[in-house]
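Numbering (my numbering), first residue to last: 10 to 499.
Listed below in structure tokens is the structure:
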């Protein structure tokens, strides 16, 4: 923790990145850490190097939490949890949001679109989900469905509509199917999904009324069989099919505002597949630099939060105490990307999983601003080490001083009676509490020194010289190495 220009990057992030051999995830707003350390990490520490910069010209990482390689391993409950967690991150409310109802409904719509895709196709992308309210639904109305006859003028006889191989036959004029006028095709699709029994849209049982004759157990729950679509999705589709037009339009407007970033073609390209599986961070040596231009932070913050939380949560699925499987997260200026509550809780959870977090920020006041005082207290109380540089934050300096505690020292006082300058009087010996490390000590340390507090040993703070890379000949020889395409090195 240190104010701008005090050297927290030069003394903490850079030296560690030039020494730690295993996988790292690095928040690198300015791109400075990439420039200084990526080449050495690639060529000497044998790390594959990726840059995540969706709106920049140097992006080399693909990130899609809904990639097929990830989703096909999940059952319905885990798919639902995945889309719910991603939805919570995207549709995060801020202080300016005075009506969370619309935000929650927009998030529910996101969960429906995403969960349907994951169950039916075992994959999706942010671009597809963002475009769902405005996409062309005409090709999705199945010729086997009764709603096909509401979309097209269909061939009929005295006995009703004509089917061929179980499919309704649309009338054709000039080589084009004849559509009925003023049809709300999106609404027809919701109605079709509300009757869909199996995940395969081509299964005839989706369209023969089977939805009304599903087997149930003694508690009235539908008995799920191989390939069936969960009734939760049908129920949600039915809800949207019956939604009030005006209210639904408002929900979709809020939805589009939150999902706007994912309609960018650059972001689409960066999120249409997955460059790695989460477990690869343990199996291989990979360094991921998240390099975002200052002007793009607000725009990309939801995506960065999803990336960081997805990595963090998946690394906590399996314990690992092997040193070579450790994964380091260098979270420089993490507060700039909005609330990441799960990451704040990780220091208390991650030690047996081999995940090491390094929070780097300018002041405790910034954590309190973005997270609140209670969350700031949590991160301060759960980290194993605190590295404190010279600071101007008196309130936090006092807090650190109180954490370190006080020592007791003896005091002696002497008083004399009036007129007796040499002899007489009384002496007393007492005890008083004295700060082991005062707020003034913290605010006045030399600029090339740091104070380190170790959890469990805070009464013994360490004052050490900061290991600035530019004062270390060995580290200087490792910086600014050329970064080559991974395929040329590995």
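Where is the CB? At the ideal position from N, CA and C, for every residue including glycine.
6 Å Cβ shell around residue i - same chain, five flanking residues per side excluded
i           : result
residue 239 : 85
residue 20  : 475, 476 and 477
residue 179 : 161, 163 and 186
residue 290 : 32 and 336
residue 199 : 246, 249 and 250
residue 272 : 139
residue 243 : 203
residue 119 : 96
residue 220 : 204 and 206
residue 92  : 120, 123 and 124
For residue i, the first and last residue of its enclosing alpha helix (DSSP H)
i           : result
residue 46  : 41 to 52
residue 248 : 240 to 250
residue 158 : 157 to 160
residue 404 : 403 to 413
residue 274 : 274 to 279
residue 451 : 448 to 452
residue 138 : 135 to 139
residue 263 : 254 to 268
residue 351 : 350 to 354
residue 376 : 373 to 380
residue 195 : 194 to 202
Limits of the unbroken beta strand (DSSP E) element including residue i
i           : result
residue 484 : No beta strand (DSSP E) contains residue 484, which is instead part of the alpha helix (DSSP H) from 482 to 485.
residue 112 : Segment 109 to 130 is the alpha helix (DSSP H) holding residue 112; no beta strand (DSSP E) there.
residue 458 : 458 to 463
residue 27  : From DSSP, residue 27 is part of no beta strand (DSSP E); its letter is neither H nor E.
residue 492 : From DSSP, residue 492 is part of no beta strand (DSSP E); its letter is neither H nor E.
C-beta contact flag for residue i and residue j at 8 Å
i           : j           : result
residue 301 : residue 108 : no
residue 455 : residue 18  : no
residue 26  : residue 50  : yes
residue 98  : residue 488 : no
residue 359 : residue 10  : no
residue 346 : residue 313 : yes
residue 296 : residue 35  : yes
residue 350 : residue 392 : no
residue 260 : residue 114 : yes
residue 264 : residue 142 : yes
residue 394 : residue 461 : yes
residue 277 : residue 136 : yes
residue 309 : residue 344 : no
residue 446 : residue 413 : yes
residue 57  : residue 398 : no
residue 294 : residue 30  : yes
residue 13  : residue 401 : no
residue 257 : residue 197 : no
Where residue i falls: helix, strand or coil (DSSP)
i           : result
residue 169 : strand
residue 231 : strand
residue 289 : helix
residue 75  : coil
residue 334 : helix
residue 100 : coil
residue 328 : coil
residue 544 : In the structure displayed, the chain extends from 10 to 499; residue 544 sits before or after that span and is not available.
residue 365 : strand
residue 225 : strand
residue 312 : helix
residue 445 : coil
residue 151 : coil
residue 145 : coil
residue 384 : helix
residue 213 : helix
residue 69  : coil
Contacts around residue i, its chain only, beta-carbon distance under 7 Å, and the 5 residues preceding and following it disregarded
i           : result
residue 78  : 283 and 286
residue 323 : 287
residue 102 : 109 and 112
residue 68  : 60, 61, 62 and 279
Any C-beta of chain D under 8 Å from that of residue i
i           : result
residue 207 : You won't find chain D in this structure, because it holds only one protein chain.
Sequence-distant residues of the same chain with beta carbon closer than 8 Å to residue i, five excluded per side
i           : result
residue 131 : 77, 80 and 81
residue 318 : 94, 98, 349, 351 and 352
residue 403 : 448 and 452
residue 367 : 21, 22, 25, 337, 338, 339 and 340
residue 208 : 128, 129, 236, 237 and 238
Cross-strand partners of residue i (DSSP beta bridge)
i           : result
residue 298 : 35 and 60
residue 237 : 207
residue 177 : 172
residue 394 : 463
residue 188 : 161
residue 182 : 185
residue 271 : For residue 271, which the question treats as bridged, DSSP gives no partner whatsoever.
residue 340 : 36 and 368
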